[in-house]
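Reading through the structure tokens given below for one structure.
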Amino acid sequence: MSDKNTHDSDFLPVGRRALLKSTAALLAGSALTSAPASAHHYDSKIHYEPQVDEDNLMQLSVEGHEVLDDGVKLDLGTHEGYIRLFSDSLVRVAIMEPGEEEYESRGIENGLSEWDTPSFSVDSGPDKIAIETDTVTVEINTELFGVRFLDEDGTVINEDYLDKGSSGYVPSPERDEEATNPTPQTNATQQTNSTLQESAYRSTNVSDLDADTADTQEDVQTADPTPNEPLPYVYKKADEDEAFYGFGEQPELTLNQRGKKLENWNTDQYGYFYTSDYVYASVPFFVGLKNAGAYGMFFDNPNHTVFHTPQVQDPEGVEETYDTDAGEDYYYFVGDGGQLTYYFAYGPEIGDVLDSYTSLTGTINLPPKWAIGFHQSKWEYSPEELVEVPHRYRQEEIPLDAMHFDIGYMNNYRVFSIQDSHRDALQTLSEELPEVKTVAVNDPGVAVDKEIDVDGDGELEPYDPYLEGTANDYWTKDANGETFKARVWPDVAVWPDFSRSEVRSWWAEQHDVLFDAGFDGIKNDMGEPAVFQKNTRYDWTMPVDNIHGTGNDTMLHEEYHNMYGFDYARASRESYDLYKPDDRPFLLNRNLYAGGQRYAAIWTGDCVSIWPHLQMQIPMMMNMGISGLAFCGHDVGGFVGRPSPELFKRWIELGAFIPFFRNHTDTHRKQDPDLPRNQHPWTFGEEAVDITKKYTELRYKLLPYLYNEFQESSENGKPIFQPLVFQFQDDDEVRGIADQFLFGDDVLVAPVVEEGATERDVYLPDGETWVDFWTNDVYDGGQWMTVDVPVDHLPIYVRKDSIIPMREVQQYTGEKPLTTLQLTTYLDEEASYSFYEDDGETNDFEDGEYNVTNFTITGTEGGVVTFESEMEVENYDDSQLSSYLLRLDRSQAPRKVQAGPTKYEAVDADMVEETPNSFAYSDDEDAVLVHIPADEERKVKLFFNGRGNGQSNGHGSGRGPGQQ
3 MSDKNTHDSD
13 FLPVGRRALL
23 KSTAALLAGS
33 ALTSAPASAH
43 HYDSKIHYEP
53 QVDEDNLMQL
63 SVEGHEVLDD
73 GVKLDLGTHE
83 GYIRLFSDSL
93 VRVAIMEPGE
103 EEYESRGIEN
113 GLSEWDTPSF
123 SVDSGPDKIA
133 IETDTVTVEI
143 NTELFGVRFL
153 DEDGTVINED
163 YLDKGSSGYV
173 PSPERDEEAT
183 NPTPQTNATQ
193 QTNSTLQESA
203 YRSTNVSDLD
213 ADTADTQEDV
223 QTADPTPNEP
233 LPYVYKKADE
243 DEAFYGFGEQ
253 PELTLNQRGK
263 KLENWNTDQY
273 GYFYTSDYVY
283 ASVPFFVGLK
293 NAGAYGMFFD
303 NPNHTVFHTP
313 QVQDPEGVEE
323 TYDTDAGEDY
333 YYFVGDGGQL
343 TYYFAYGPEI
353 GDVLDSYTSL
363 TGTINLPPKW
373 AIGFHQSKWE
383 YSPEELVEVP
393 HRYRQEEIPL
403 DAMHFDIGYM
413 NNYRVFSIQD
423 SHRDALQTLS
433 EELPEVKTVA
443 VNDPGVAVDK
453 EIDVDGDGEL
463 EPYDPYLEGT
473 ANDYWTKDAN
483 GETFKARVWP
493 DVAVWPDFSR
503 SEVRSWWAEQ
513 HDVLFDAGFD
523 GIKNDMGEPA
533 VFQKNTRYDW
543 TMPVDNIHGT
553 GNDTMLHEEY
563 HNMYGFDYAR
573 ASRESYDLYK
583 PDDRPFLLNR
593 NLYAGGQRYA
603 AIWTGDCVSI
613 WPHLQMQIPM
623 MMNMGISGLA
633 FCGHDVGGFV
643 GRPSPELFKR
653 WIELGAFIPF
663 FRNHTDTHRK
673 QDPDLPRNQH
683 PWTFGEEAVD
693 ITKKYTELRY
703 KLLPYLYNEF
713 QESSENGKPI
723 FQPLVFQFQD
733 DDEVRGIADQ
743 FLFGDDVLVA
753 PVVEEGATER
763 DVYLPDGETW
773 VDFWTNDVYD
783 GGQWMTVDVP
793 VDHLPIYVRK
803 DSIIPMREVQ
813 QYTGEKPLTT
823 LQLTTYLDEE
833 ASYSFYEDDG
843 ETNDFEDGEY
853 NVTNFTITGT
863 EGGVVTFESE
873 MEVENYDDSQ
883 LSSYLLRLDR
893 SQAPRKVQAG
903 PTKYEAVDAD
913 MVEETPNSFA
923 YSDDEDAVLV
933 HIPADEERKV
943 KLFFNGRGNG
953 QSNGHGSGRG
963 PGQQ
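Residues in the sequence shown are numbered from 3 upward in steps of one, following our numbering.
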């Protein structure tokens, strides 16, 4: 096979330091550029983009106020305002009509009643009202209503922009095609997008999607169901150097989202690109970073929302992606209906902001260990391949934990059914490789079918999901109150109304078919919700005037749309409570709203097997992490098309360091006949197998470190796939770096994302010393370096004074008990680490069944290194951890090692691990190895002749910031 994929034929090698600008050139003319999912008008079923008429903003003023137990109520004349204090650094601002109830969406886990109101005081004067806590002061301008947030020193952190009016509501402008098309589609992009849609869905066994079907509702000419609904909006001032991060899942090439228009309207965007206005998930939350510190803003509005961040004077990269309508000194956000409710969270560190945000919306649940191993998947594996592929992984000795069964396992796309051939494959896999976990895809579209072969025995049985749902009136309704029917994978389908708790519980009950068959995890697909409507524009979903809920809880789909996938995840999560109460759930969703992280992991949908998509996944995932979606991933190798061998190798190197690691690709029936059927390491030759094995093994060695990062994230909401700015927000150089990331707190990864690259520039953040993971060379932070990157090399650096817990390689998680914990230590003065351990499978940790061991390693100028361990929590009785293998980055052996009166034995390096109370210097690893029993209560001292640093025995240098 050629090393160049036909998809890459239009792309040329590019320079090292011009990634964004070169990407613009790469993308120009690409046949795979997906057309924007932009609003034209309602008849197109592309959802209207809410817009603000800046000449018609409200001019609210404060006519009176009342001090409440948790804040202040404001009389704004025609409206009421509420400033509620959740904590001394988390504040809610809401404006509504008199008598209206304050809104909290389903995304909120801990509402106002769950918080302890902080101490505060209120002072009022002729022109302002001040609410002061220990951390922030909220000043309310009274003449023209506006809100200002100040820190404890009186520095303004955030304030309303009042040059155009107050925050409030604007009338919904007339929605016609000429007035509301912000990003017109050319005929070429329309044609390209249409081709992508057809290739995405038409190579299936369902009837042609253009066929007329009397029972379905296609091309519904939908009028705006709420033409006079006012649109909530907020205008805010911006500093000249203020940066913007988060906004959930956005298909952007940049990390800093300043200068962008960022939308939230969940959409099935097959082959999306930077031109797509929105994709699969909606998280209307961002972090602003300025010299005064970081703050967060959560616009809790599940309607279609749009954020216009401040303009950029000199944009870098793809100029057309800088499409904001805001000015240089302000930004604004607006919703297509709903209440004006937003939350302000003060840092000053980004981590502080995320702690407040995830205390409000929830954190990820600690997943089972197998879920953070390596997954393999493909749409339309044959039953034979589902068994053969994991066997091949074992043969190649590439670790693998899970196989995914995509939609083909179902009986003619009937959810909660299994074809006989795939049931046999599942049984065979379970018998031959019982350690391999299996994940079943699921869809919300239920076939209108009364009888099917549910269990694969050749006999027709009642199709209970449809019959029960119909008997109980559980389906989503159209504007006339009739059951909404349309095409998705089945020719005629209906959709559960997940807004109703009884429907979610009923849906959960249906999962017994999957769990009884032996599936371990669930992948929830198509929850935008995707509907295969005959439509040349790309936004296949329900009409916005569909109806959800009953009685007083009735709402339009326009309001509920972005919550559908969220409640879909809630329903599936409930199935584990019913059928697997002792097992930790693994749920994977394509669609979520803010707060959805507490129910499911998420992946970035149908990315494309081209270099620009590899580049785009990194800032997408970093911003998702900043948005609370810590357990995120993408389709390694790309889903649409097939990668070139070089692209696959680079992508798998990156993939080993993302939270959710899965190789997943599209059906072979949509590929050029010259392209490979599958997307496995061996598809691309022996070198690809070696590279996949090298980096997948490294991930499995690092699983103790990675699992501890997940555990911390489940407590405080921090990202696992971190932008450098998360840890180093005071280093201006990192604010826009989009092609490097931190794997947890201490490991810096600089993947290669340019075709044909043999070297790349790497920036090491200021304020720290860094160690090359491969060579132990030591480098000062605050500098750029050019490093060689042969195709099998991924630059990795570790922060000095850190401990990285590791273990031996396994072919799957749980293959071997953890008996020896390797403590790879990069020591300058003092390193510490708190190691968490539980069974990795059950929910017993929620009852306190876990251990926490604190390690501290210190060094002195005199050459003495001291190791200490202390058990902080000891409630996990099944731990088999019996020893620690200290791996210290020293280039010479110690004179002696001693714990109290016990002297450690000097042995050969290959004997240390099997010899307790022993030590050696390893030439191969350029490190000192010490075997310490886990029950050692005394300090272990290593005596060196001087400090004995790593291999470089000094500090490397490169270029300072700006010297590129």
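We put the beta carbon where it would ideally sit given N, CA and C, even for glycine.
Pick helix, strand or coil for Lys703, following the three-state DSSP scheme.
Residue 703 sits at position 701 when you count from the first residue of the sequence shown. Of the three classes helix, strand and coil, the one that applies to Lys703 here is helix, per DSSP.
Option in Gly471, Asn526, Gln512 with minimal Cα separation from Thr485
Along the sequence shown, read from residue 1 onward, the residue named residue 485 stands at position 483. Comparing Cα-Cα distances from Thr485 to each of Gly471, Asn526, Gln512, the minimum goes to Gly471.
For the structure I just gave you, are there three or more beta carbon pairs, one from the segment 822-832 and one from the segment 782-796, closer than 8 Å?
Contact fails between the segment 822-832 and the segment 782-796, because fewer than three Cβ pairs, one in each stretch, are under 8 Å apart.
Taking the beta strand (DSSP E) that His310 belongs to, which residues open and close that run?
On the sequence shown, residue 310 is found 308 positions in, with the first residue counted as 1. That run of the beta strand (DSSP E) goes 307-310.
Please return the same chain residues whose Cβ sits closer than 6 Å to the Cβ of Thr135, not counting the five positions on each side in sequence.
Stepping through the sequence shown from its first residue, residue 135 is reached at position 133. Within the same chain, Thr135 has close Cβ partners Asp90, Pro120, Phe122.
Grouping DSSP H, G and I as helix and E and B as strand, with all else coil, what is Phe946?
Taking the first residue of the sequence shown as 1, we reach residue 946 at position 944. Note: Phe946 maps to coil in three-state DSSP.
If we call anything under 7 Å between Cβ atoms a contact, is Ile347 one with Ser361?
Along the sequence shown, read from residue 1 onward, the residue named residue 347 stands at position 345. Along the sequence shown, read from residue 1 onward, the residue named residue 361 stands at position 359. It should be noted that the sequence gives Ala, not Ile, for residue 347. Cβ distance not < 7 Å, so Ala347 and Ser361 don't count as in contact.
Just mark Arg940 as buried or exposed, buried being the case when its beta carbon has 16 or more other beta carbons within 10 Å.
Along the sequence shown, one-based indexing puts residue 940 at 938. Classification of Arg940: exposed, given that the 10 Å Cβ count is below 16.
How many angstroms separate the CA atom of Ser834 from the CA atom of Ile805?
As a working mapping, residue 834 is identified with position 832 in the sequence shown. As a working mapping, residue 805 is identified with position 803 in the sequence shown. Looking at the two C-alpha atoms, the distance is approximately 7 Å.
According to DSSP, what are the bridge partners of Met787?
In the sequence shown, the residue the question calls residue 787 occupies position 785. Note: Met787 sits in a beta bridge opposite Val764.
Is there a C-beta anywhere in chain D that falls below 7 Å from the one on Glu65?
Checking the listed chains, one finds no chain D in this structure; it contains a single protein chain.
Using beta-carbon positions only, say whether Glu648 and Val811 come within less than 7 Å of one another.
As a position in the sequence shown, residue 648 is number 646, starting the count at 1. As a position in the sequence shown, residue 811 is number 809, starting the count at 1. It is not a contact, given that the beta carbons lie outside the stated cut-off.
Once the 5 residues before and after Trp509 are set aside, which same chain residues still bring their CB inside 6 Å of it?
The residue given as residue 509 occupies position 507 in the sequence shown. The answer, listed in chain order, is Pro498, Ala573.
Among the residues of its own chain, which have a CB less than 8 Å from the CB of Leu726, if the five just before and after it don't count?
For this step, residue 726 is matched to residue 724 along the sequence shown. Same-chain partners within the cutoff: Asp733, Val736, Ile739, Gln742, Phe743, Leu744, Leu750, Tyr765, Pro767.
Using only the alpha-carbon positions, how far apart do Tyr468 and Ile420 sit?
Here residue 468 refers to the residue found at position 466 of the sequence shown. Here residue 420 refers to the residue found at position 418 of the sequence shown. Between Tyr468 and Ile420, the C-alpha separation is close to 16 Å.
Between the alpha carbons of Val140 and Ser715, how many angstroms are there, rounded?
Taking the sequence shown and counting its residues from 1, one reaches residue 140 at position 138. Taking the sequence shown and counting its residues from 1, one reaches residue 715 at position 713. The alpha-carbon atoms of Val140 and Ser715 are separated by roughly 30 Å.
Rounded to whole angstroms, what's the CA-CA distance from Glu231 to Glu102? Just pull it up for me.
The residue given as residue 231 occupies position 229 in the sequence shown. The residue given as residue 102 occupies position 100 in the sequence shown. So the alpha carbons of these two residues sit roughly 15 Å apart.
Helix, strand or coil: how does DSSP classify Asp818 here?
Taking the sequence shown and counting its residues from 1, the one referred to as residue 818 is at position 816. A small correction: the amino acid at residue 818 is Lys; Asp does not occupy that position in the sequence shown. Reduced to three states, the DSSP call for Lys818 is coil.
In angstroms with no decimal places, state the Cα-to-Cα distance between Met622 and Asp937.
By 1-based counting over the sequence shown, the position of residue 622 is 620. By 1-based counting over the sequence shown, the position of residue 937 is 935. Cα to Cα, Met622 sits roughly 44 Å from Asp937.
Along the chain, which unbroken stretches of the alpha helix (DSSP H) at least 4 residues long are found entirely within the segment 686-732?
With a minimum length of 4 residues, the unbroken runs of alpha helix (DSSP H) contained wholly in the segment 686-732 fall at 688-703, 705-718, 726-729.
Assess, as a yes-or-no matter, whether the segment 329-342 is touched by the segment 564-571 under the definition of 3 or more beta carbon pairs within less than 8 Å.
Segments in contact, no.
Contact between the segment 607-621 and the segment 266-274: three or more CB pairs below 8 Å?
yes
Cα-Cα separation, Gln729 to Asp747:
Residue 729 sits at position 727 when you count from the first residue of the sequence shown. Residue 747 sits at position 745 when you count from the first residue of the sequence shown. Near 8 Å, if we compare the C-alpha coordinates of Asp747 and Gln729.
Counting Cβ pairs closer than 8 Å, one from the segment 651-668 and one from the segment 308-317, do we hit at least three?
no
Rounded to a whole number of angstroms, what is the C-alpha to C-alpha distance between Phe88 and Asn266?
To locate residue 88, count along the sequence shown from 1; it is residue 86. To locate residue 266, count along the sequence shown from 1; it is residue 264. When rounded, the distance between both Cα atoms is 26 Å.
Count the C-beta pairs between the segment 233-242 and the segment 333-346 that are closer than 8 Å, then say yes if the count reaches three, no if not.
yes
Opening and closing residue of the alpha helix (DSSP H) in which Ser577 lies
The residue given as residue 577 occupies position 575 in the sequence shown. Per DSSP, Ser577 belongs to the alpha helix (DSSP H) from 566-581.
What separation, rounded to the nearest whole angstrom, lies between the Cα atoms of Ala449 and Glu434?
Here residue 449 is taken as the residue at index 447 of the sequence shown, counted from 1. Here residue 434 is taken as the residue at index 432 of the sequence shown, counted from 1. Straight-line Cα distance between these residues: approximately 34 Å.
Bridge partners for Pro935 per DSSP, in chain order?
Here residue 935 corresponds to residue number 933 of the sequence shown, with the count starting at 1. Ser885, per the DSSP bridge assignment.
Note down, one range per segment and in chain order, each beta strand (DSSP E) of at least 3 residues found wholly within the segment 77-155.
82-87, 92-98, 123-126, 130-134, 139-143, 148-152
Which residue marks the beginning of the beta strand (DSSP E) containing Ile798, and which one marks its end?
Position 796 of the sequence shown holds residue 798. According to the DSSP assignment, Ile798 belongs to the beta strand (DSSP E) that extends over 798-801.
On the criterion of 16 or more Cβ atoms from any shown chain inside 10 Å, does Thr694 qualify as buried, or is it exposed?
Here residue 694 refers to the residue found at position 692 of the sequence shown. Buried, because 16 or more other Cβ atoms sit within 10 Å of the Cβ of Thr694.
Option nearest Ser501 by Cα separation, candidates Arg889, Gly551, Glu111, Met808:
Locating residue 501 in the sequence shown gives position 499, counting from the first residue. Checking every option, the nearest Cα to that of Ser501 belongs to Gly551.
When the Cα atoms are used, what is the spatial distance from Asp840 to Glu817?
If you number the sequence shown from 1, residue 840 lands on position 838. If you number the sequence shown from 1, residue 817 lands on position 815. Cα to Cα, the separation comes out at about 16 Å.
From Asp457 to Glu874, what does the alpha carbon distance come to, in whole angstroms?
Counting from one through the sequence shown, the residue named residue 457 turns up at place 455. Counting from one through the sequence shown, the residue named residue 874 turns up at place 872. Cα to Cα, Asp457 sits roughly 51 Å from Glu874.
Would DSSP call Tyr415 helix, strand or coil?
Along the sequence shown, one-based indexing puts residue 415 at 413. It is coil, neither helix nor strand.
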